[in-house]
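Here my numbering = 1-based position in the sequence shown + 22.
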Amino acid sequence: MWLRELGGEFDQPVSPTELLAETPDFIWPGFMLPDSLPLVGNRYGDWLCLRVGADDTISEVIHWYHGGGDWMPWGKSLAEAIAFDSLRSRLPGRWQYYANIAAQFDRQEGPGTIPGWAAEHLPCPVGQWLLDPSGDSNEIPGLAELLIQHDVATTAVHGECALAALDSLLRQRLEPWVARELGIQWDQDAVRWLFDNELLPPSVCERLAKEFDCECGDLCGQDWEAARVHAAAVAARRSDLGWANDLLGWTAERAKDPKAAITAYRQALLCSSFADQSIRFRTHWFREAEGKFAAARLQDLSAHWDANLRDDPYLRLFLESKEQGLRSRVTNHWMRLGEQAASDGRWADSYDAYYRAGWDMGCDDLHVYEELLQKLANAATRSGQRSRAELAKTHLACLGNRMR
């Protein structure tokens, strides 16, 4: 693969020589996950990174976004991630980026390309679509079902299908500049309406329909049941992606089922804010002080809390009003749990807690990552996670270079 250059958006593979450097320039310590290693970049700072599991094997490949450190799983292997990169524009719905696209990319497919390399390592029914040199970008009927059937980039595909189900003319047309012209508060109101079109007041709908020269009924066309199905499929596979349980919680609220909503939001609350895709799913209409969408929704459902939830020490971090910022409270919470696990000799638990200390909501001070990476390397070594230990040490060395 390293000798091939043409591909999709991600067509800048790192060479083996660069990978073997003591402090690779392409590692963003403190911003990238400490169990990840960048392998293929695009042309404006984003990366496909492999992640290493506790058993020293590759657990998955993620898309890491440089403009904030958000990440999304794109497959169990690099071949799956490359396939998703090449085929995502041919899935149902439009491709929705975190931000405006910084550059346009000519997608190249065929035997001599990076997607051609991926095709050699994937089931033939999937690989054949990566060997087509025509450059056709039309939607492929049944592609999502095909990828899911062969378990290729399944989580990423479910995510795109959920986004497509929630897309609407309102989401496509209502932008910040339009809101400003119409005197609409973007963060407080517009984003909430984009998240769930049924929250749009009729009077505002009429104004927007006039602005966009369409019928009011044409603006809103979300399929929340389809989104729920895809979110449930992801939540059944893994518990660390907040967006899936955020959607499950909201669909439960729509169904007037507060208990089910609370169950979903409690799981979402424990997920990293870097993996909630709040910009794409439009769940970022909560107040900044509330920290996470799930925390904000749980507070609104407080009348239905049981004693166990009321006493939850992690949830209390989001309810307390102190001079210390929320991110610092969350970091210190996980640091304490990491120290306790280390003192008990539970080194794997210690590693997990230190990981959350830095990459649950992030740290206000970059210097904190120096201490965390040292602790992660030690905990990984003591728990027999050799590859994770080496990665943490590499990230630490890169951080040292950046801070000099």
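The C-beta atom is built at its ideal place from N, Cα and C for all residues, glycine as well.
- For G97, the uninterrupted beta strand (DSSP E) segment begins and ends at 93-97.
- Taken through DSSP and simplified to helix, strand or coil, V74 comes out as strand.
- Per DSSP, S295 is not a residue of any beta strand (DSSP E), being assigned neither H nor E.
- Fewer than three pairs of CB atoms, one per stretch, sit closer than 8 Å, so the segment 158-178 makes no contact with the segment 220-236.
- With respect to T39, A419 sits apart: the two C-beta atoms are not nearer than 8 Å.
- Per DSSP, V36 is not a residue of any beta strand (DSSP E), being assigned neither H nor E.
- The segment 244-277 is shown to contain whole alpha helix (DSSP H) runs of 4 or more residues at 246-259, 264-276, in chain order.
- W199 counts as exposed, since fewer than 16 other beta carbons sit within 10 angstroms of its beta carbon.
- When C-alpha distances from F315 are compared across A286, L331, N354, R259, the shortest belongs to A286.
- By the C-beta criterion, the segment 209-219 is judged to be in contact with the segment 239-249, since at least 3 inter-stretch pairs fall below 8 Å.
- Excluding its 5 nearest sequence neighbours in each direction, L348 has C-beta neighbours in its own chain below 8 Å: A311, G313, L339, F340, M383, listed in chain order.
- In this structure, P280 places its C-beta atom within 8 Å of the C-beta atom of L323.
- Sixteen is the threshold: since fewer than 16 other Cβ atoms of the shown chains lie within 10 Å of the Cβ of C146, the residue is exposed.
- Shortest Cα-Cα distance from E392 to any of A186, K415, A402 involves K415.
- Nearest to H389 by alpha-carbon distance, out of D298, N423, Q407, D371, is N423.
- Residue pairing from DSSP places S58 in a beta bridge opposite R73.
- G138 sits in a helix when the DSSP states are folded into three classes.
- Under DSSP, G63 takes part in a beta bridge, and its partners are Q34, W69.
- T79 sits exposed, since fewer than 16 C-beta atoms from the chains shown fall within 10 Å of its C-beta.
- Excluding residues up to 5 positions away in sequence, Q244, A249 lie with their Cβ nearer than 6 Å to the Cβ of L188 in the same chain.
- Contact check for L152 against A103 fails: the beta carbons are separated by 8 Å or more.
- Residue environment analysis places K397 among the buried positions, since at least 16 neighbouring C-beta atoms fall within 10 angstroms of its C-beta.
- Secondary structure at W86: strand, using DSSP grouped into helix, strand and coil.
- DSSP places F234 inside the alpha helix (DSSP H), whose first and last residues are 224-234.
- Within the same chain, R73, V74, R410, L413 come within 7 Å of D57 by CB-CB distance, once the 5 residues on both sides are set aside.
- Cβ-Cβ separation between R112 and N160: approximately 7 Å, consistent with a contact (criterion under 8 Å).
- A straight-line Cα-Cα distance of about 19 Å links E182 and L100.
- When the alpha-carbon of C385 is set against those of G52, G271, G406, the nearest one is in G52.
- Scanning its chain for C-beta atoms nearer than 6 Å, with the 5 sequence neighbours on each side dropped, one finds around F303 the residues W265, in chain order.
- Excluding residues up to 5 positions away in sequence, H306, F315 lie with their Cβ nearer than 7 Å to the Cβ of S300 in the same chain.
- Boundaries for I49: no alpha helix (DSSP H) harbours it, and the DSSP string shows neither H nor E there.
- The alpha-carbon separation between R260 and G30 amounts to approximately 28 Å.
- Beta-bridge partners of I80 (DSSP): V74.
- Taking C-beta atoms as the reference points, P35 and V62 count as a pair closer than 8 Å.
- Boundaries for W307: no alpha helix (DSSP H) harbours it, and the DSSP string shows neither H nor E there.
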